[in-house]
Amino acid sequence: IGQWTSTVCEKCMAKLVNLNKPFKYIVTCMIMQKNGAGLVTASSCFWDPLADGSRTMRWENKTMYAIATAYAM
């Protein structure tokens with residue numbers, strides 16, 4: 025699973041960089057077994073709300089969840 029999270033982050037980062045926008049990016053990814061356990065996460069960043077932003081995407085199948093977040097600053 026460690027390789028999967030790295031692959032997701034690397035592919036997301038490559039797509040973002042190919043947009044040729046004037047941002048620095050941070051990408052995180054979590055993959056979790058779907059077994060009824062809860063997950064609570066938080067993040068914080070000091071940024072310009074008019075220019076910077078983030079996007080979180082969730083994907084799931086019968087056995088796992090994947091959550092990826094990209095920050096653009």
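So the sequence shown is numbered by the numbering used here: it starts at 25 and just counts up by one. We treat Cβ as the ideally placed atom computed from N, Cα and C, and that holds for glycine.
- Item | Per-residue DSSP class, three states only, for residue 67 | Of the three classes helix, strand and coil, the one that applies to residue 67 here is coil, per DSSP.
- Message: Does the region 56 to 63 come into contact with the region 29 to 38, if we say contact requires no fewer than three beta-carbon pairs (one atom in each stretch) closer than 8 Å?
- Response: no
- Bridge-paired residues (DSSP) for residue 93: 52 and 80
- Message: Considering just the uninterrupted stretch of the alpha helix (DSSP H) at residue 31, what are its terminal residues?
- Response: 26 to 42
- Task: Please work out which residues of its chain come closer than 8 Å, Cβ to Cβ, to residue 45, disregarding the five sequence neighbours upstream and downstream, and give them in chain order.
- Result: 96
- Query: If we call anything under 8 Å between Cβ atoms a contact, is residue 51 one with residue 69?
  - Reply: no
- Close beta carbons around residue 53, own chain, < 6 Å, minus the five adjacent residues each side: 29, 32, 33 and 92
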